[in-house]
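If you're matching them up, the sequences are chains R and X in order. Just add 45 to the spot in the first sequence (first one is 1) and you have this note's numbering. Just add 318 to the spot in the second sequence (first one is 1) and you have this note's numbering.
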Amino acid sequence: MAIKRFVVGSFDDEAVLFPAVKKVRMAGYKLYDVYTPMPIHGLDQAMGLRDTSLHTAGFIYGITGTATALSGISYALIYDWPLNFGGKPHFALPAWIPITFELTVLFASIGMVLTFCYLCQMAPFVRKHHFSLRATDDLFVMVIECTAKTNEADLQIFLKSVGAQDVHTQNAETGWWLGTYSKNIPLVDDPKTILA
Amino acid sequence: MSSLKYESQVRPPLVVGDKSYHQISEDIIRPIENRPSKLWWIGFLTAVLLLCFGIFSVTREVIYGVGQWNLNKTVGWAWDITNFVWWIGIGHAGTLISAILLLFRQQWRTGVNRAAEAMTIFAVICAGQFPIWHMGRVWIAFFCLPYPNTRGVLWPNFNSPLLWDVFAISTYFTVSLLFWYCGLLPDLATVRDRAKLKWRKFFYGMASFGWSGSTKHWQRHEALSLVLAGLSTPLVLSVHTIVSFDFATSVVPGWHTTIFPPYFVAGAVFSGFAMVQSLLIITRKVLKLEEYITIEHIDVMNKIIVLTGSIVGIAYLTELFIAWYGQNPYESFAFLQNRVNLLSPYGWAYYIMMGCNVLSPQIFWFRKLRRNLTVTFFMSVIVNIGMWFERFVIIVTSVYREYIPSGWSTYYTPTVYEIGFYLGTFGLFFTCYFLFSKFFPVIAVAEIKHILKKAGDNYKAKMGPEEKETPEEFAHEYEHAH
């Protein structure tokens, strides 16, 4: 990925954050992300993010599970090794419902969780830059990306005027890298700042 | 702004005291960062000792075979399967709290869901031990998995409830684990970001998968939780239904009844909530979390206990009625002679079951008793004893005297190794629970923060219309401004 320059403003109340998000977008700044300690319903819409398609992925995984179960059991009990249970039909669908259901749920769950981790780029030993350590505690951290047109001083004053408590500038790697949180890798102090 | 719409003031607060977001992190994560107390060590070591005794008992069973247990010609399932069903049932409350109450938007679940889900996972691990070791030649336990093999190709019987169980329990375990862990990610990140010690930064950094709290991630996380809850809800009902099919699809008198699935599910929730009460009454006291797991929470769970206990009671009476009304001599013998008759060999077990499960929870109709911690703790133990006896009664009193009197077995009593195995699963359960309470946040930190402004004591006082514009209105306005 790339190292970019960001202006970071922290808010301590979501009631202030919401109008601030709107004002930042109205003013035309490039809102990079908002980091919050808990889910805030409606913030994604206020930021203009589209709804996630994770549900659809889950549905597809579920259907895959259903198909796997039905085809697997049919293959085993009808084609590969047909057994005669008291003259009952080999295709005994009612008796297969429980396993079919379980596999549907199993595939959907595992698939969705893996997709979630992939989309959010999350795994053990994945290290990311965190703009503020208090973003997982009590602060709502708004991060605005600097572009060639951005006047940082103006932006800082603007963020303070919309209610940010602590405003500062950071250079940060936007992607993830392999690493642990016990060692501090000086990646973010790299002076080669790339302005998009 | 839909998120800031406040809840009715009539509802009692779910978080007591003057709490800020930071205070919540402090309160809940403090036990992880502090050294474990003496009480914790005593509890943990006792659990490990019990676990060792369990391992010893199981090892003997593996070496010498199932003959180490007092199973006999008709009582082939006894303590082991009783314990299996009992532990699985306990697990159900966790899923009910985390999934079904999420779908019903019951906000009180946030105080108790993390610990209850952990309990589910540990209970399912304990439950799984029984059918596995009961197989006897446990080293070929993998034969029950369907895979192309060299045995001819001999597939497991997909039409058998016992195989359904294999799928149901393993799916249940996997899905519960995923659900629990996904919920833990943000809280582990909170612990990581507060950590001062190197090992803690390493461990929680790895365990939190690099969670950052990005709005997009939260959006996906919410979607994931909701769908997993939607999947877990029918799953949890299916699991105990399938466990009940183990009995209901057989032709044994006393087992062959269509009422079993709903009756088992209600019983499972009943015993599970009792276990949640036992654990949380101690946890909230020891970890000083009374402001998050309030009397209000205890009260609501006691209401569920009296509801499910009464459903179980109706199921018992329906069974009895049908045994008489159905006029099947074997069925009525199983109920009227093997169970209801106090003078029959196992008559005492039936009355323990009735007393503990049907009569005793009725005291929770009284608000004062629902909100009394001592009474609740005592009742939670009583209910679990009762639910253990329910499974024992169903299993043993049905099989020890079946169709032909010549097949009637002698009085079954467990050996010390059967009891040791059961105690060992207690050891396993509590070892896991003690480790969990030391290394993981026992309350969902982010979820408590999420409900704080709706249900927090200090915020409920100053409610008011907070924000006029909805996100939809803003999105519309934004579109037209550019």
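Glycine included, C-beta positions come from ideal geometry on N, C-alpha and C.
Own chain partners of residue i with C-beta closer than 8 Å, once the 5 adjacent residues on each side are dropped
i         : result
Ser494(X) : Gly409, Gly412, Thr413, Glu435, Thr438, Ile439, Val442, Ser550
Val233(R) : Unreliable placement is indicated for Val233(R), whose pLDDT of 49 sits below 50; the coordinate value is still reported in the next sentence. Excluding residues within five positions, the ones whose Cβ falls inside 8 Å are Ile48, His174, Gln215, Asn216, Ala217, Glu218.
Ile415(X) : Arg427, Val430, Asn431, Ala434, Glu435, Val594
Trp451(X) : Val376, Glu379, Val380, Asp398, Phe739
Phe491(X) : Ile439, Val442, Ile443, Gly446
Trp683(X) : Val624
Pair within 8 Å by beta-carbon distance, residue i and residue j
i         : j         : result
Val727(X) : Val393(X) : Before going on, a small fix: residue 727(X) reads as Ser here, not Val. Yes, these two residues count as a Cβ contact at 8 Å.
Ala209(R) : Phe56(R)  : yes
Val701(X) : Ala592(X) : yes
Gly585(X) : Gly407(X) : yes
Gly725(X) : Ala652(X) : no
Asn401(X) : Phe448(X) : yes
Trp405(X) : Ala445(X) : yes
Asp78(R)  : Thr533(X) : yes
Ser177(R) : Val53(R)  : yes
Leu503(X) : Ser526(X) : yes
Leu605(X) : Val763(X) : no
Residue environment, residue i, which counts as buried when at least 16 other CB atoms sit within 10 Å
i         : result
Arg455(X) : exposed
Ala168(R) : exposed
Lys228(R) : exposed
Met705(X) : buried
Asn477(X) : buried
Ile108(R) : exposed
Glu351(X) : exposed
Lys686(X) : exposed
Arg512(X) : buried
Lys356(X) : exposed
Gly131(R) : exposed
Ser206(R) : exposed
His807(X) : Residue 807(X) falls outside the range modelled here, since chain X spans only 319 to 800, and no answer is possible.
Ile692(X) : With the sequence shown as reference, residue 692(X) is identified as Thr, and Ile is not the correct amino acid for it. Counting Cβ neighbours within 10 Å, Thr692(X) comes out exposed, since fewer than 16 surround it.
Ser321(X) : At Ser321(X), the pLDDT of 44 sits below 50, so the modelled position is not reliable; the number obtained from the coordinates is stated separately. When all chains shown are included, Ser321(X) counts as buried.
Trp141(R) : buried
Trp126(R) : exposed
Tyr80(R)  : buried
Thr238(R) : Bear in mind that the predicted position of Thr238(R) carries a pLDDT of just 48, short of 50, making it unreliable; the figure below should be weighed with that in mind. The residue in question, Thr238(R), is exposed, as its Cβ has fewer than 16 Cβ neighbours within 10 Å.
Cβ shell of residue i (< 6 Å), same chain only, five flanking positions each side left out
i         : result
Leu62(R)  : Phe56, Phe185
Lys767(X) : Tyr339, Ile342
Lys337(X) : Gly774
Leu746(X) : Leu369, Cys444
Lys786(X) : The pLDDT assigned to Lys786(X) is 49, lower than 50, so where the model puts this residue is not dependable; a value taken from the coordinates is nonetheless given after this. Same-chain partners within the cutoff: there are none.
Gly782(X) : Confidence at Gly782(X) is low in this model, with a pLDDT of 47, below 50, so the placement of that residue is unreliable and no value is reported for it.
Ser562(X) : Phe578, Pro579, Phe582
Phe695(X) : Ile599
Contacts of residue i in chain R (Cβ-Cβ under 8 Å)
i         : result
Ser814(X) : The structure shown does not extend to residue 814(X), since chain X spans only 319 to 800, so no value can be given for it.
Phe476(X) : Ile118, Ala121, Leu122, Ala140, Trp141, Ile144
Thr492(X) : Leu151, Ser154, Ile155
Nonlocal neighbours in the same chain, by C-beta distance under 7 Å from residue i, ignoring five residues either side
i         : result
Leu598(X) : Val430, Ala433, Ile611
Ser98(R)  : none
Thr245(R) : Beyond the ends of chain R as shown, which are 46 and 241, falls residue 245(R); an answer cannot be given.
Met671(X) : Gly704, Phe707, Glu708, Val711
Thr743(X) : Gly372, Asn401, Trp405, Cys444, Gln447
Tyr242(R) : Residue 242(R) lies beyond the residue range present for chain R, which begins at 46 and ends at 241; the question has no answer from this structure.
Contact set between residue i and chain R, taken where Cβ atoms lie within less than 7 Å
i         : result
Gly523(X) : Thr225, Tyr226, Ser227
Pro449(X) : Going along chain R, no residue has its Cβ under 7 Å from Pro449(X), so there is no contact; the nearest lies around 16 Å.
Ile560(X) : Pro143
Chain-ordered chain R contacts of residue i [CB-CB under 9 Å]
i         : result
Ser343(X) : Pro82, Thr181, Asp182, Asp183
Leu546(X) : Gly103, Ala153, Ser154, Met157, Val158
Thr392(X) : The contacting residues do not exist; Thr392(X) stays about 24 Å from chain R at best.
Residue i: contacting residues in chain X (beta-carbon distance under 8 Å)
i         : result
Pro169(R) : Met524, Ala525, Phe527
Leu178(R) : Asp511, Arg512
Phe161(R) : Cys500, Arg538, His539, Leu542
Leu99(R)  : Arg538, Ala541, Leu542, Val545
Val61(R)  : Near Val61(R) there are no residues of chain X at all, since even the closest Cβ is about 10 Å away, more than 8 Å.
Chain X contact residues for residue i, given Cβ-Cβ distances below 7 Å
i         : result
Phe146(R) : Ser556
Chain X contact residues for residue i, given Cβ-Cβ distances below 9 Å
i         : result
Ala217(R) : Here the premise fails: no neighbours, minimum Cβ distance about 11 Å.
His213(R) : Within 9 Å Cβ-Cβ: nothing; His213(R) doesn't reach chain X, min ~18 Å.
Leu164(R) : Lys534, His535, Arg538
Min CB distance residue i to chain B below 8 Å
i         : result
Arg538(X) : The structure shown has no chain B; the protein chains it does contain are R and X.
Note to self: Does the structure place the segment 702-713 of chain X close enough to the segment 397-404 of chain X that three or more beta carbon pairs sit under 8 Å?
What the structure shows: yes
Check: At a cut of 8 Å, does the segment 121-137 of chain R reach the segment 186-199 of chain R through at least three beta carbon pairs?
Finding: no
Next item on the list: Decide yes or no for the touch test of the segment 629-643 of chain X against the segment 550-562 of chain X: beta carbon pairs closer than 8 Å, at least 3 of them.
Entry: no
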